[in-house]
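In what follows, a single structure is set out as structure tokens and then discussed.
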Amino acid sequence: MPSLDARGVASLLREYAQRTALRGGNPYRAKAYSRAADSLGALAVPLHVLIAEDRLTEIPGVGEAIADIITKLHKTGSHPSLEKLRKEIPEGVLEMLAVPGLRPEKVLRLYKDLGVASLAELETAAKDDRIKKAKGLGAALQAKILQNLAIARSGEGRLHLHRAAALLAHAKDSMRKGRPELKRVTIAGDFRRGCELVGDLAIVAEAAKPDKTSTPSADGLQIRISDRKHFGAALLFATGSTGHIEQLQTLAAEKGMRLGADGLHKGRTLIAGEEADIYQALGLPFIDPELREGRGEVELALKGKLPKLVTDDDLRGILHCHTYASDGTETLETMAKATRQRGFEYFGVADHSKSAHYAGGLSHEQIAQQHREADRLNKRFGKDFRILKGIESDILAGGSLDYDDDVLERFDFVVASIHGRFKLDRKAQTQRLLRAISDPHTTIIGHVTGRQLQRRPGYEIDVERVLRACAKHDVVVEINAHPWRLDLDWRWHRAALEFGCMLSINPDAHSIPELDHMHWGVLMARKGGVPAERVLNAMSLPEITRYFRQKRRSLARAA
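So the sequence shown is numbered by our numbering: it starts at -13 and just counts up by one.
Here you go:
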């Protein structure tokens, strides 16, 4: 049989990962196969070339053992171990692994005890209450399955933003090394638009002449080669979105022009081929890629009302981070120093509060101890850097925070967050948040909806009421930058701004590498149209110190 391309091998390797997970044993082996399969989907060099040149281990996540498996899958279309695994479990059972919260051992139980052998059969079994009645499965699992089936279907084939970034960076580097004649090798697609989940891996590059012999897609990665004259138009179309491009084309037609992937034309004359020139010729300012979703950005541009979007360089400090005192991996001193080394002016520690027993929530004595440590370190840091004393206080079921007022008053800021009782109904969950927002000690509402992308949906709340309450009570809305959260969803940012909310881009970091999650939060803020002046931690150290001091004075007056 003919050898398989990277896409075909990736599909088999992903199947290998799923069947290995169902077999049990070392869970990291299955995850390694799955990550390697993702990497194969973003190759910029044909797989057969990498195999011939013995370069498979250059692929992220591919070591010698996986390289051997890939080689055999490429050459034969199968592998002895995979064939053995296929005899154990029907193919349809693998579909169920896509349901968030449904672990391999539960999938096996569903198959062996109830005969459920596909995603469709799983849905039927859940709706017929068969799972609820099965020993070792039960009502809670049935409810989770019904809730998460939609996530399994909607997230199919899409990668988290940070994972797509790593694959595209490798693809870009491979193209530069493999084809040094290429210029302006640029990442496009929905990643360039800052989408939280990426399904369109795309790169545009400039060559002396368009490569008419190449296909638009190379083993799953979209590669477009354009000449200099048409590069900008190719990049514009490869970036999208469809809605944005259609609005530009409509505007071009109204002006007697035609916009295509070969540029902006009037008759046979090329009017503009670069992105910025195309927008200018259409009477528009340059529209940042993150805004190109066909959600009114062209109309705003025509009116001269596009926001100047926040950038990474606008951020002056980091808030909402955890240390070894609760569930982080580093000491306060280590996290603060790492933050300072990144050029920030302040580090806002916000370890978990006492109700978070699962996360080592801080007792009263531990709070006092941490504050003494912060004071000691601040004396050493001097005036140019400061540790700000915060806490991530759990919002209890009734909406109160889980420390008494005299404890909450000791902090510079309080992040109020929900970490449990996610299944309260919409009215009760909304009231719970509204009460926490009205508490004068609350500074920031953390991860507002509690969603985890491709893992669980957010809890049911009236987001508009919550945002209006935040504006009314001068409570900051968090944009949680952790790539599994990215919450508040960017689609609500414009409403938050219109209501008068301030926002804070927070990494929710539990380790030093996670401090760099800030970038993903900035991307979400840009996608939501957020300017720097509406971001709390774009304030300088003196400014945010005054801000927190004024909040405490208001609190004292209210008392």
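Heads up, the beta-carbon is just placed ideally off N, CA and C, and yes, glycines get one too.
#1: Skipping 5 residues on each side, what residues in its chain have a beta carbon closer than 7 Å to that of R441?
#2: For L374, which residues of its own chain have a beta-carbon under 6 Å away from its beta-carbon, when the five flanking residues on both sides are left out?
#3: Mind listing, in chain order, the continuous alpha helix (DSSP H) runs of no fewer than 4 residues lying wholly within the region 412 to 492?
#4: For A3 and R95, what's the separation of their Cα atoms in angstroms?
#5: In this structure, how does DSSP classify F371 when only helix, strand and coil are distinguished?
#6: Helix, strand or coil: how does DSSP classify L546 here?
#7: Taking E564 as part of the beta strand (DSSP E), name the residues at either end of that continuous run.
#8: Can you check whether the CB of A219 is closer than 8 Å to the CB of G180?
#9: Output needed for I131: all residues of its chain with C-beta closer than 7 Å, excluding positions within five of it in sequence on either side, in chain order.
#10: Give me whichever residues DSSP pairs with A336 in a beta bridge.
#11: Measuring alpha carbon to alpha carbon, tell me which of K119, S25 and L522 ends up nearest N492.
#12: Alpha carbons only, please: which of E464, Y445, K537 and G514 is nearest the one belonging to W557?
#13: Around the Cβ of Q536, are there at least 16 other Cβ atoms within 10 angstroms (buried) or fewer (exposed)?
#14: Would you be able to state if there are at least three C-beta pairs under 8 Å between the region 443 to 460 and the region 423 to 432?
#15: Between the Cα of H60 and those of M82, E44, I211 and I37, spot the shortest distance and give me the residue it belongs to.
#16: Hey, L183 and L145: beta-carbon distance below 8 Å or not?
#17: Put L29 into one of helix, strand or coil per three-state DSSP.
#18: Tell me the DSSP secondary structure of S540 in three-state form.
#19: Just curious, the beta strand (DSSP E) that A157 is in, first and last residue?
#20: Helix, strand or coil: which one does DSSP assign to A16?
#21: Does DSSP put R89 in a helix, in a strand, or in coil?
#22: What alpha helix (DSSP H) runs, 4 residues minimum, are completely inside the region 267 to 312?
#23: Can you tell me the Cα-Cα spacing of L237 and D274, whole angstroms?
#24: Identify the residues that DSSP records as bridge partners of H230: which are they?
#25: Quick one: Cα of E91 to Cα of L8, how far?
#26: Here's a check: name, in chain order, each residue in its chain whose Cβ is nearer than 6 Å to the Cβ of H468, leaving out the five neighbours to either side.
#27: Please name the residue, chosen from A136, H427 and A481, that lies closest to F534 on a Cα-to-Cα basis.
#28: Taking the alpha-carbon of N466 as reference, which of G486, F223, M510 and L483 has the nearest alpha-carbon?
#29: Per the DSSP calculation, S403 is bridged to which residue(s)?
#30: Nearest CA to the CA of A481: which residue from Y445, L501, R520 and S497?
#31: Of all the alpha helix (DSSP H) runs that stay within the bounds of the region 30 to 74, which reach a length of 4 or more residues?
#32: If I measure Cβ to Cβ from P517 and keep anything under 7 Å in the same chain, skipping five residues before and after, which residues do I get?
For this structure:
#1: Stepping through the sequence shown from its first residue, residue 441 is reached at position 455. Excluding positions up to five away in sequence, the list reads P86 and W470.
#2: Working through the sequence shown from its first residue, we reach residue 374 at position 388. If the five residues before and after L374 are omitted, its C-beta is found closer than 6 Å to the C-beta atoms of Y332, G334 and D398, all from its own chain and listed in chain order.
#3: Runs found: 412 to 424, 449 to 458 and 479 to 485.
#4: For the purposes of this step, residue 3 is taken as the residue at position 17 of the sequence shown. For the purposes of this step, residue 95 is taken as the residue at position 109 of the sequence shown. When rounded, the distance between both Cα atoms is 19 Å.
#5: Locating residue 371 in the sequence shown gives position 385, counting from the first residue. Coil.
#6: There is no way to answer for residue 546, as the model of the chain reaches only from -13 to 545.
#7: Look at the range of the chain in this structure, -13 to 545, and you will see that residue 564 is not part of it.
#8: If you number the sequence shown from 1, residue 180 lands on position 194. If you number the sequence shown from 1, residue 219 lands on position 233. With respect to the 8 Å criterion, G180 and A219 are not classified as neighbours on the basis of their beta carbons.
#9: For the purposes of this step, residue 131 is taken as the residue at position 145 of the sequence shown. Within the same chain, I131 has close Cβ partners V85, L88, L108, A112 and I117.
#10: Within the sequence shown, numbered from 1, the residue matching residue 336 stands at position 350. In the DSSP output, where bridge partners are listed per residue, A336 has G376.
#11: Translated into the one-based positions of the sequence shown, residue 492 becomes position 506. Ranking the options by Cα distance to N492, first place goes to L522.
#12: For the chain, the structure presents residues -13 to 545; residue 557 sits outside this window and is missing.
#13: Taking the sequence shown and counting its residues from 1, one reaches residue 536 at position 550. Burial state of Q536 is exposed, judged by a 10 Å Cβ sphere holding fewer than 16 other Cβ atoms.
#14: A contact exists between the region 423 to 432 and the region 443 to 460.
#15: Here the question's residue 60 lines up with position 74 in the sequence shown. Closest by alpha carbon: I37.
#16: The sequence position of residue 183 within the sequence shown is 197, counting from 1. The sequence position of residue 145 within the sequence shown is 159, counting from 1. Their beta carbons are under 8 Å apart, which means L183 touches L145 by this criterion.
#17: As a first step, residue 29 must be located in the sequence shown, where it is residue number 43. Coil, per DSSP.
#18: Along the sequence shown, read from residue 1 onward, the residue named residue 540 stands at position 554. In the structure shown, S540 sits in a helix (DSSP, three-state: H, G or I).
#19: Translated into the one-based positions of the sequence shown, residue 157 becomes position 171. No beta strand (DSSP E) contains A157, which is instead part of the alpha helix (DSSP H) from L147 to G164.
#20: The sequence position of residue 16 within the sequence shown is 30, counting from 1. Of the three classes helix, strand and coil, the one that applies to A16 here is helix, per DSSP.
#21: Residue numbering aside, residue 89 sits at position 103 when the sequence shown is read from its first letter. Coil.
#22: The qualifying runs are 283 to 288.
#23: On the sequence shown, position 251 is the one that residue 237 refers to. On the sequence shown, position 288 is the one that residue 274 refers to. Distance between the alpha carbons of L237 and D274: 18 Å.
#24: Start at 1 with the first residue of the sequence shown, and residue 230 comes out as number 244. None, per the DSSP bridge assignment.
#25: In the sequence shown, the residue the question calls residue 91 occupies position 105. In the sequence shown, the residue the question calls residue 8 occupies position 22. When rounded, the separation of the alpha-carbon atoms in E91 and L8 is 7 Å.
#26: Against the sequence shown, residue 468 aligns to sequence position 482. So the qualifying residues of the chain are D494 and H503.
#27: On the sequence shown, residue 534 is found 548 positions in, with the first residue counted as 1. Closest option to F534, Cα to Cα, is H427.
#28: Counted from its first residue, the sequence shown places residue 466 at position 480. Answer by Cα proximity: M510.
#29: Working through the sequence shown from its first residue, we reach residue 403 at position 417. Answer by DSSP bridge pairing, in chain order: D380.
#30: The residue you call residue 481 lines up with position 495 of the sequence shown. The shortest Cα separation from A481 among Y445, L501, R520 and S497 belongs to R520.
#31: Listed in chain order, they are 33 to 38, 50 to 62 and 66 to 72.
#32: Stepping through the sequence shown from its first residue, residue 517 is reached at position 531. Cβ neighbours of P517 beyond the five flanking positions: P293, K294, L295 and V296.
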